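Colleague:
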Amino acid sequence: MKFSKSTNYEEAVKIIKSNMASDYKKLGLDWDDDSKLTQYKKCVLRDILLEDEILGFFMVYENAGVYYLAELHIDDRFRNRGFGTKALAKIKAVASEEGYSEVRVGAFKDSSALKLYEKNGFNREKETEYTHELVATT
Numbered sequence: 000m001k002f003s004k005s006t007n008y009e010e011a012v013k014i015i016k017s018n019m020a021s022d023y024k025k026l027g028l029d030w031d032d033d034s035k036l037t038q039y040k041k042c043v044l045r046d047i048l049l050e051d052e053i054l055g056f057f058m059v060y061e062n063a064g065v066y067y068l069a070e071l072h073i074d075d076r077f078r079n080r081g082f083g084t085k086a087l088a089k090i091k092a093v094a095s096e097e098g099y100s101e102v103r104v105g106a107f108k109d110s111s112a113l114k115l116y117e118k119n120g121f122n123r124e125k126e127t128e129y130t131h132e133l134v135a136t137t
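Numbering-wise, the sequence shown is residues 0 to 137 according to numbering that gives the first Met the number 0.
Here it is in structure tokens:
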């Protein structure tokens, strides 16, 4: 598995919207493509590759010396095969190589993402009305 920097933010926003639509609907939250695109363009977007096939992507950003995982999405065809776990391990390793001691991420309550993060060493630190903020050491 390797990572490759990407600039295809528009496609990423479409995938995130598709993957997250049920969570947004269930929670009564609005989605605005333009504001999400503006927000995500502040992140570094990387494709997750196995050989030459794209398995998914993730976005990260740094704020006040903290490494944040903004999004992690694995294509439906590759889910439940360990690729999310492998990607998280590699993301934590990259953060460590870049000098960060921890990775932070937010996840909707009761989501499959929350379960994935907790299974991979992320611990709940803070809770909001809709999400948990999690942290893992690198």
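The beta carbon of each residue, even a glycine, is placed where N, CA and C say it ideally should be. What you are looking at is a predicted structure, and each value in this text was computed from that prediction instead of being measured.
From the DSSP output, in three-state form, read off residue 123 for me.
Modeller: strand
Colleague: At 4 residues or longer, and completely inside the stretch 86-135: list those alpha helix (DSSP H) runs for me, N to C.
Modeller: 111-118
Colleague: From the DSSP secondary-structure annotation, give me the bridge partner or partners of residue 47.
Modeller: Its beta-bridge partners are 2 and 55.
Colleague: Is it true that the stretch 37-46 meets the stretch 74-85, where meeting means three or more beta-carbon pairs spaced less than 8 Å apart?
Modeller: no
Colleague: Here's a check: name, in chain order, each residue in its chain whose Cβ is nearer than 8 Å to the Cβ of residue 123, leaving out the five neighbours to either side.
Modeller: 117, 131, 132 and 133
Colleague: With DSSP run on the structure shown, which of helix, strand or coil describes residue 26?
Modeller: helix
Colleague: In angstroms with no decimal places, state the Cα-to-Cα distance between residue 25 and residue 14.
Modeller: 18 Å
Colleague: Determine which residues share a DSSP beta bridge with residue 60 and list them.
Modeller: 67
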